[in-house]
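Here is the structure we will look at, set down as structure tokens.
2 protein chains.
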Amino acid sequence: MTQKAVRDMDVRRELEERTLEAEGIIRRFLPREEGYQKTIMEAMSYALMSPGKRLRPILMRECAACFDQTSPQALPFFMAAIEMIHAYSLVHDDLPAMDNDLLRRGKPTTHARFGEAMGVLAGDALLNYAFETALQSLETDGTNPAVHKSLILLARKAGIYGMIGGQVVDVESEHIQGMDKHRLDFIHELKTGALIEAAMCIGALLGGADESQLLTVEQAAAKIGLAFQIEDDILDITGDEKTIGKPVGSDERNHKVTYVTFAGLEGARRDAESLTREALENLASLPRKNDFLMELVAYLARRNR
Amino acid sequence: MTQKAVRDMDVRRELEERTLEAEGIIRRFLPREEGYQKTIMEAMSYALMSPGKRLRPILMRECAACFDQTSPQALPFFMAAIEMIHAYSLVHDDLPAMDNDLLRRGKPTTHARFGEAMGVLAGDALLNYAFETALQSLETDGTNPAVHKSLILLARKAGIYGMIGGQVVDVESEHIQGMDKHRLDFIHELKTGALIEAAMCIGALLGGADESQLLTVEQAAAKIGLAFQIEDDILDITGDEKTIGKPVGSDERNHKVTYVTFAGLEGARRDAESLTREALENLASLPRKNDFLMELVAYLARRNR
């Protein structure tokens with residue numbers, strides 16, 4: 603095995619462990635499946651615990667570990683909340699009125715399994731429950747300004763100036779001839795980037811970051827988010843179907859304008875690499891060195907190379 | 603004119619004034635319609651500012667006025683937030699997968715006007731923006747425990763243990779033969795009641811209510827919510843089409859089991875009256891007498907008699 607292959611294996615193993623840990627935390631906040639409204643709890647759990655790396659809660663926790671207060675008591679609430687927001691966005695994305703997907707990673711999507719009405723409601727329920735969960739941190743940690751800032755940031759980055767905003771422009775752009783680079787950047791920044799920024803910034807805030815450190819983390823997160831998106835676009839062309847979980851070349855067949863359309867395959871690779879390098883430099887400047895976080899970011903940027 | 607007719611006219615006039623005031627407050631929190639994601643702001647504003655009495659924000663404000671701190675600085679944020687949650691629930695209720703309604707009070711519903719994908723997203727955006735708006739109160743009033751409690755209560759009463767929970771059971775009950783009274787009470791309590799409880803309890807909390815006063819307000823709100831629902835069911839049978847904004851007798855044609863199915867028309871009237879009387883007694887026990895609130899509650903319970 604090459605040195606890179608050994609390193610990749612180590613990161614993957616470590617990531618699997620963190621994924622299990624994150625899932626353990628998220629599961630603690632799942633509502634009990636009981637009462638007349640039992641079906642909605644089942645649908646929420648189905649959507650939330652469907653296969654995934656739990657990257658957002660992991661990034662949140664690892665960013666907290668870059669600061670002095672490494673395990674703040676509010677952290678688990680926000681780890682669960684951000685995964686709920688990610689999950690709800692997938693449930694609503696898959697609806698017939700949106701992407702109309704019946705399968706996600708080989709499993710029936712939530713509305714395919716529970717019906718369309720329950721798909722709408724399960725998404726609503728997960729979004730609402732995300733805030734219900736994050737707000738619980740006020741009960742024990744209500745005087746902590748970092749908790750206030752984290753709540754405000756979570757709502758902002760998930761909403762029309764964040765993820766939903768990106769989603770709206772993405773949906774509308776399907777009907778627009780001649781997507782320009784600026785509009786595409788906007789979509790990527792908000793649709794993929796905003797929630798990663800929320801995850802990493804909330805981690806930093808709860809860890810005790812000051813204003814300027816928070817800005818550093820936000821910049822790193824924006825670069826990481828964009829690098830992920832570029833990687834996705836590259837993988838759609840060069841990846842193999844089994845790894846990426848959808849048919850190769852689907853973007854081209856759907857005439858979807860991607861990062862590669864503007865930068866070319868080589869240019870896209872170069873940009874993803876330099877974005878990752880800059881993000882790693884940002885992260886290296888934080889008070890505590892977090893080797894796993896650095897390795898994870900580097901690994902995610904070189905997947906399937 | 604009879605004495606009752608004069609009194610009704612006075613309350614209606616006063617209510618119209620309060621509605622305009624509440625709309626002025628809500629409008630201040632609307633996002634500016636600009637940027638690539640402009641359409642979603644337009645859809646949110648369309649849904650939020652469509653005709654309505656703004657009962658929830660009005661009840662919130664009037665409940666605050668039953669206590670010593672009559673205009674708490676956090677109040678406007680929560681008034682706007684609760685109306686946003688009410689508006690999102692209507693937008694998603696009207697979707698093809700749910701009630702499939704193209705008209706609401708004679709105007710095209712949000713998805714009929716903006717397309718189904720934008721209907722899903724506008725609902726999501728309003729729910730998220732409700733929390734974004736309410737959370738702003740932490741910036742100026744973050745150390746106030748009443749604000750913390752209000753945020754937690756808002757999320758709880760809007761979610762699976764509140765409004766969404768009721769909605770889920772209502773949707774599922776369409777396919778169930780032999781609805782029982784207990785299940786119907788559950789739906790009413792959550793689907794209609796929970797948000798009215800949130801409105802009135804948040805008003806009370808921000809006004810300075812203590813635990814026992816909060817309980818009194820919650821009990822009053824539950825009774826008022828149920829009385830409203832019973833009135834709706836009665837109006838569906840006895841009302842005229844122009845006033846209620848939908849065809850008379852639609853529940854019966856849809857084989858919908860309502861309060862009247864179990865209690866009969868006279869029984870339903872009696873129950874609505876005694877619930878209202880009890881609620882008024884609850885409200886009369888609060889520190890400050892609020893004549894308008896009492897008159898409003900009584901008026902709403904005798905609409906179209």
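First to last, the protein sequences are chains A and B.
First residue of the first sequence: 603, per this note's numbering; consecutive thereafter.
First residue of the second sequence: 603, per this note's numbering; consecutive thereafter.
Just so you know, even glycine gets a beta-carbon here, dropped at the ideal spot from N, CA and C.
For Q769 (chain B), go through chain A and note every residue whose CB falls closer than 7 Å to its CB, in chain order. L723
Compute the beta-carbon to beta-carbon distance between R715 (chain B) and H688 (chain B), rounded to the nearest angstrom, for a pair I have assumed lies under 8 Å. Not confirmed; about 18 Å, so no contact.
Go through its chain and collect everything with a Cβ distance to D873 (chain A)'s Cβ below 7 Å, but skip five positions before and after it. I832, A865
From the beta carbon of L661 (chain B), is the nearest beta carbon of chain A less than 8 Å away? no
Going by Cα to Cα distance, which pick from B:Y690, B:E880, B:I660, B:V613 is closest to M802 (chain B)? B:I660
Helix, strand or coil for K709 (chain B), going by three-state DSSP, please let me know. strand
Taking the beta carbon of T745 (chain B) as the centre, do at least 16 other beta carbons fall within 10 Å, making it buried, or is it exposed? exposed
So which residues of chain A does F733 (chain B) contact, with C-beta pairs closer than 7 Å? F733, A757
Could you check where the alpha helix (DSSP H) with G772 (chain B) kicks off and where it finishes? In the sequence on display, residue 772 (chain B) carries Asp and not Gly. Its alpha helix (DSSP H) spans residues 765-775.
Just by C-beta distance, which residues in the region 777-799 of chain A are closer than 7 Å to chain B? R785, F788
The alpha helix (DSSP H) enclosing M603 (chain B), as first and last residue numbers: Careful: M603 (chain B) lies outside any alpha helix (DSSP H) and carries neither H nor E.
As an exercise, report each continuous alpha helix (DSSP H) stretch of at least 4 residues that is fully enclosed by the region 805-844 of chain A, in chain order. 813-840
Span separating the alpha-carbon of E813 (chain A) from that of E799 (chain A): 15 Å
Put A699 (chain B) into one of helix, strand or coil per three-state DSSP. coil
Return the chain-ordered list of same chain residues with a C-beta closer than 8 Å to the C-beta of E718 (chain B), the five sequence neighbours on each side being excluded. L697, P698
Is the Cβ of L697 (chain B) closer than 8 Å to any Cβ of chain A? yes
Would you please verify whether the beta carbon of H857 (chain B) is less than 8 Å from any beta carbon of chain A? no
Chain B residues whose Cβ lies nearer than 9 Å to that of A727 (chain A): G761, I762, I766, G767, V770
Residue closest to L797 (chain A), alpha-carbon to alpha-carbon, out of A:I766, A:Q779, A:L817: A:I766
If we cut at 8 Å on Cβ distances, does Y638 (chain B) have a partner in chain A? yes
Taking the C-alpha atoms as reference points, what is the distance between Q821 (chain B) and A881 (chain B)? 7 Å
As an exercise, report each continuous alpha helix (DSSP H) stretch of at least 4 residues that is fully enclosed by the region 727-764 of chain A, in chain order. 739-743, 747-760
Test item: CB-CB of Y763 (chain B) and P633 (chain B) under 8 Å: no
Less than 8 Å between the beta carbons of L729 (chain A) and D726 (chain B), yes or no? yes
Leaving out the 5 sequence neighbours to the left and right, which residues in its chain are closer than 6 Å to G810 (chain B) when beta-carbon positions are compared? F669, D670, Q671
Once the 5 residues before and after Q769 (chain A) are set aside, which same chain residues still bring their CB inside 6 Å of it? K793
Name the chain B residues that come within less than 7 Å of T878 (chain A), Cβ to Cβ? Neighbours of T878 (chain A) on chain B: none; closest Cβ ~26 Å, over 7 Å.
When the distance is taken between beta carbons, is I684 (chain B) closer than 8 Å to L740 (chain B)? no
May I ask you to report which of helix, strand or coil DSSP gives M686 (chain B)? helix
Have a look at T666 (chain A) and M611 (chain A) and give me their C-alpha separation to the nearest angstrom. Here the sequence assigns Ala to residue 666 (chain A), which means Thr is not the residue at that position. If you take the alpha carbons of A666 (chain A) and M611 (chain A), they lie about 25 Å apart.
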